[in-house]
Amino acid sequence: MELSDANLQTLTEYLKKTLDPDPAIRRPAEKFLESVEGNQNYPLLLLTLLEKSQDNVIKVCASVTFKNYIKRNWRIVEDELNKICEADRVAIKANIVHLMLSSPEQIQKQLSDAISIIGREDFPQKWPDLLTEMVNRFQSGDFHVINGVLRTAHSLFKRYRHEFKSNELWTEIKLVLDAFALPLTNLFKATIELCSTHANDASALRILFSSLILISKLFYSLNFQDLPEFFEDNMETWMNHFHTLLTLDNKLLQTDDEEEAGLLELLKSQICDNAALYAQKYDEEFQRYLPRFVTAIWNLLVTTGQEVKYDLLVSNAIQFLASVCERPHYKNLFEDQNTLTSICEKVIVPNMEFRAADEEAFEDNSEEYIRRDLEGSDIDTRRRAACDLVRGLCKFFEGPVTGIFSGYVNSMLQEYAKNPSVNWKHKDAAIYLVTSLASKAQTQKHGITQANELVNLTEFFVNHILPDLKSANVNEFPVLKADGIKYIMIFRNQVPKEHLLVSVPLLINHLQAESIVVHTYAAHALERLFTMRGPNNATLFTAAEIAPFVEILLTNLFKALTLPGSSENEYIMKAIMRSFSLLQEAIIPYIPTLITQLTQKLLAVSKNPSKPHFNHYMFEAICLAIRITCKANPAAVVNFEEALFLVFTEILQNDVQEFIPYVFQVMSLLLETHKNDIPSSYMALFPHLLQPVLWERTGNIPALVRLLQAFLERGSNTIASAAADRIPGLLGVFQKLIASKANDHQGFYLLNSIIEHMPPESVDQYRKQIFLLLFQRLQNSKTTKFIKSFLVFINLYCIKYGALALQEIFDGIQPKMFGMVLEKIIIPEIQKVSGNVEKKICAVGITKLLTECPPMMDTEYTKLWTPLLQSLIGLFELPEDDTIPDEEHFIDIEDTPGYQTAFSQLAFAGKKEHDPVGQMVNNPKIHLAQSLHKLSTACPGRVPSMVSTSLNAEALQYLQGYLQAASVTLM
Numbered sequence: 001m002e003l004s005d006a007n008l009q010t011l012t013e014y015l016k017k018t019l020d021p022d023p024a025i026r027r028p029a030e031k032f033l034e035s036v037e038g039n040q041n042y043p044l045l046l047l048t049l050l051e052k053s054q055d056n057v058i059k060v061c062a063s064v065t066f067k068n069y070i071k072r073n074w075r076i077v078e079d080e081l082n083k084i085c086e087a088d089r090v091a092i093k094a095n096i097v098h099l100m101l102s103s104p105e106q107i108q109k110q111l112s113d114a115i116s117i118i119g120r121e122d123f124p125q126k127w128p129d130l131l132t133e134m135v136n137r138f139q140s141g142d143f144h145v146i147n148g149v150l151r152t153a154h155s156l157f158k159r160y161r162h163e164f165k166s167n168e169l170w171t172e173i174k175l176v177l178d179a180f181a182l183p184l185t186n187l188f189k190a191t192i193e194l195c196s197t198h199a200n201d202a203s204a205l206r207i208l209f210s211s212l213i214l215i216s217k218l219f220y221s222l223n224f225q226d227l228p229e230f231f232e233d234n235m236e237t238w239m240n241h242f243h244t245l246l247t248l249d250n251k252l253l254q255t256d257d258e259e260e261a262g263l264l265e266l267l268k269s270q271i272c273d274n275a276a277l278y279a280q281k282y283d284e285e286f287q288r289y290l291p292r293f294v295t296a297i298w299n300l301l302v303t304t305g306q307e308v309k310y311d312l313l314v315s316n317a318i319q320f321l322a323s324v325c326e327r328p329h330y331k332n333l334f335e336d337q338n339t340l341t342s343i344c345e346k347v348i349v350p351n352m353e354f355r356a357a358d359e360e361a362f363e364d365n366s367e368e369y370i371r372r373d374l375e376g377s378d379i380d381t382r383r384r385a386a387c388d389l390v391r392g393l394c395k396f397f398e399g400p401v402t403g404i405f406s407g408y409v410n411s412m413l414q415e416y417a418k419n420p421s422v423n424w425k426h427k428d429a430a431i432y433l434v435t436s437l438a439s440k441a442q443t444q445k446h447g448i449t450q451a452n453e454l455v456n457l458t459e460f461f462v463n464h465i466l467p468d469l470k471s472a473n474v475n476e477f478p479v480l481k482a483d484g485i486k487y488i489m490i491f492r493n494q495v496p497k498e499h500l501l502v503s504v505p506l507l508i509n510h511l512q513a514e515s516i517v518v519h520t521y522a523a524h525a526l527e528r529l530f531t532m533r534g535p536n537n538a539t540l541f542t543a544a545e546i547a548p549f550v551e552i553l554l555t556n557l558f559k560a561l562t563l564p565g566s567s568e569n570e571y572i573m574k575a576i577m578r579s580f581s582l583l584q585e586a587i588i589p590y591i592p593t594l595i596t597q598l599t600q601k602l603l604a605v606s607k608n609p610s611k612p613h614f615n616h617y618m619f620e621a622i623c624l625a626i627r628i629t630c631k632a633n634p635a636a637v638v639n640f641e642e643a644l645f646l647v648f649t650e651i652l653q654n655d656v657q658e659f660i661p662y663v664f665q666v667m668s669l670l671l672e673t674h675k676n677d678i679p680s681s682y683m684a685l686f687p688h689l690l691q692p693v694l695w696e697r698t699g700n701i702p703a704l705v706r707l708l709q710a711f712l713e714r715g716s717n718t719i720a721s722a723a724a725d726r727i728p729g730l731l732g733v734f735q736k737l738i739a740s741k742a743n744d745h746q747g748f749y750l751l752n753s754i755i756e757h758m759p760p761e762s763v764d765q766y767r768k769q770i771f772l773l774l775f776q777r778l779q780n781s782k783t784t785k786f787i788k789s790f791l792v793f794i795n796l797y798c799i800k801y802g803a804l805a806l807q808e809i810f811d812g813i814q815p816k817m818f819g820m821v822l823e824k825i826i827i828p829e830i831q832k833v834s835g836n837v838e839k840k841i842c843a844v845g846i847t848k849l850l851t852e853c854p855p856m857m858d859t860e861y862t863k864l865w866t867p868l869l870q871s872l873i874g875l876f877e878l879p880e881d882d883t884i885p886d887e888e889h890f891i892d893i894e895d896t897p898g899y900q901t902a903f904s905q906l907a908f909a910g911k912k913e914h915d916p917v918g919q920m921v922n923n924p925k926i927h928l929a930q931s932l933h934k935l936s937t938a939c940p941g942r943v944p945s946m947v948s949t950s951l952n953a954e955a956l957q958y959l960q961g962y963l964q965a966a967s968v969t970l971m
């Protein structure tokens, strides 16, 4: 694409269309942009547009499109097309910083993100001058430019907060500190001075405080991994200014908005974070500054109001106290009973109250409420922070703290009892206090794993939780109902089983509650209870114990999906899946109606898939329904096909990318359930599965390979007779997969199925070509993963076609090739094979080579006979060799960036492990002994002499053990 006005005009038109609400106009425009994004100059055209276009909407649209293009394509992934040519990469890096700094803020943010994506891949090696260019702009004095640099630096360096320690990371951070720490410190001091100069100018202060927030965030990122020498030397400067800013209160920066945090609040909460980081990680160096930070932050907490805008500040301030109080050498600051009482009364209890804003979120923004409350993304809520502070204080002062709070809990419950409909919030706070007091350690999987011995959880459950859940009206006091259900969920390991069993029908009843939070919590609690494990790892609840509630459980779960706001509720769908899994054949009578409901739901969500977890559990539930029913009655598979195939056809025709891998997995499960030949409905689909476009998407590959394997297992004769013209297409897929380091194992899965199931004559003409492709790949890039798969394949080939056939095909490609493969690949690498079935295939294959291949006994290959036997005994007896050379880093499919649907394995569509050797050989060691015995009777005297002269003593001992176990001797 030329950098011409005509192209700029075309691009403008298409970008306009991508903003059109009508999908008939928008989608083709998006497809067009996708089709040209691999052309040279495309990114430069976008940058030119966002710089020169007169239309502000187009400028913003171009900047977003550019950022997403960089996100999808900048990383170079082995085996995948590199869509950005080197010239464009160089041009982008040369211009983007200047462009970002001279753009308005909205565009600056998009370009800043793009720089950090490029930086993540290219900085510092391939973009050494980025830092210098940024630091030089600090001199400009223009805070629009300075804030642009700070924002970019923040998005570039914030990954230091969660990267694993490594030499590479240290080197990069050192480079950044050398170039950046001093200019940042000077900028910090200068900005603070400017704040006092412009103390009465509101608009100047807003810009300066935005800079201070970014500078404080950068301080956090650069200090996170370790305490840099520079910051240790300059701690006085930073900490004194931080302390001053914490205590600062400028009327001009106060906002009237009760919801949105202002600049002052954001800056103070970041400073609390920075102080907590130092208190936790560098307590020795920070010790002399700590007391004044504790005082300042305490005063801040006592004087800050209950408005939502202060939430982040208050929760960070409380988290600071929490991190300080659990360090042994700050214990003395909190020892005094009056201090503890004061913290409990002035900080913890007020911040545990359920405020009007929380009530509003509970009713009107339930999805966000659930996400924060259940999934622990409530890190920055006041309640969560107060709960962490209770936990921190209990570390050293469990007795006194429990005593102080027991008083509060009792008085709150008494207040509630006086007038429940008015005082219900007192009970809510009491339950929250008990929960935070009792829980010492918690995991998502098991709930509370360690509890405070001083709190009687069962008694509280019986007296205060059960009565709420037993009341006839499921819609009364929804917040208390949600609290009660959450209590069961959290303390499911502490409350005795008989009480949990009593709660099951109560939870099922609450699936009908109108409140989204209540029926979601009920579904989640049931799902968690059904996964609990009892003795000998069986589920704690048996199908028989839940059987009395089956009908009402399934009815209420599916009804809950029709309640307003829950049509795609992932917790309900997960509970459906878990109920199927627990109840097994008890659900069979209900399957016909359930599968209809699931199919209707699948059809509805396939129009616009937006909830990945919900969709995943829905497909899992479908798989469970199929498995459970067909296990009892294999003929029922036809009913499922009738129900599902119409929807599946629609999904495939409309190319619903998110669902296609799932559809293939379910189809594999259905096809594997057929015992005899393949039904014609599947055969009609077979040619379409070989279309290259389906294989372009990495997410489809595992599911497609599995489906083709099912075709080969069930219908190899049909394919050989009615679709022989498709075999080259099948091998074409194998060829594509084998060329990719990420997917070569999938290519072998397919090849192994072809060898195992296809009639030999149908693949005769292609065999040599298959081996040539494999050798070509071995020469070009030999990886451990490829070698392991290659070894399994050649041994399977040997079992299927005979040892002589294997020797002949190798030597047919090149004389003496068979010997080279033995010497260079099989003997040295066989130890790397992992997996029981894989090892068995290799053992039986090598046994055949040793005992059923005449050239091994009387040609120059004979010298390899004993080393091969030695390596086989090694495979049996030595530990697996799992070393991988340093230069091999496999790219997992999940790690590849961009918007491709990643493959999600359905647990309940899982393929049973298949053993191609099966009944033919039960014990490979005994099989080796018997085969050697048979060989030695055919040529007496030779085998014992070869074994005794060349096999090492330890291996010989093992071999004698196998011969004894098989009750045979060598002649």
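Going by the working numbering, the residue at position 230 of the sequence shown is 230; the numbering climbs one at a time, nothing skipped. Even for Gly, the Cβ is constructed at its ideal location relative to N, Cα and C.
Where residue i falls, given that 16 or more other Cβ within 10 Å makes a residue buried
i, result
"Cys939", "exposed"
"Leu19", "exposed"
"Thr629", "buried"
"Ser681", "exposed"
"Arg288", "exposed"
"Thr673", "buried"
"Gly38", "exposed"
"Trp170", "exposed"
"Asn73", "buried"
"His985", "With the chain covering 1 to 971 only, the question about residue 985 has no answer from this structure."
"Pro687", "exposed"
"Val517", "buried"
8 Å contact criterion, which residue i and residue j should meet: CB distance rounded
i, j, result
"Phe293", "Ala317", "Between Ala317 and Phe293 the Cβ distance is about 10 Å, and since that is not below 8 Å, they are no contact."
"Leu457", "Ala438", "6 Å"
"Leu791", "Leu822", "Rounded, the Cβ-Cβ distance is 11 Å, inconsistent with contact."
"Leu557", "Ile576", "5 Å"
"Lys768", "Ile727", "About 15 Å separates the two Cβ atoms, so there is no contact after all."
"Thr152", "Ser116", "7 Å"
Residue range of the alpha helix (DSSP H) that includes residue i
i, result
"Met573", "Glu570 to Leu583"
"Trp170", "Asn167 to Thr197"
"Asn39", "Per DSSP, Asn39 belongs to no alpha helix (DSSP H) and is neither H nor E."
"Ala560", "Val550 to Ala560"
"Cys387", "Arg382 to Lys418"
"Asp20", "Note, Asp20: premise wrong, no alpha helix (DSSP H); not H, not E."
"Leu959", "Ala953 to Ala965"
Contact check, residue i vs residue j, beta carbons under 8 Å
i, j, result
"Ala739", "Arg777", "yes"
"Gln108", "Met100", "yes"
"Ile973", "Thr718", "With the chain covering 1 to 971 only, the question about residue 973 has no answer from this structure."
"Gln319", "Ala385", "yes"
Own chain residues within Cβ distance below 8 Å of residue i, not counting five before or after
i, result
"Phe640", "Ile595, Ala625, Ile626, Thr629, Cys630 and Leu670"
"Thr191", "Leu208, Ser211, Leu212 and Ile215"
"Lys559", "Leu511 and Gln512"
Sequence-distant residues of the same chain with beta carbon closer than 7 Å to residue i, five excluded per side
i, result
"Leu8", "Leu45, Thr48 and Leu49"
"Met946", "Trp865 and Thr866"
"Phe32", "Tyr14"
"Tyr42", "Met1 and Val36"
Cβ shell of residue i (< 6 Å), same chain only, five flanking positions each side left out
i, result
"Cys394", "Val401"
"Gly747", "Phe734, Leu737 and Ile738"
"Pro897", "Caution is warranted here: a pLDDT of 30 is assigned to Pro897, below 50, making its placement in the model unreliable, and no coordinate value can be reported."
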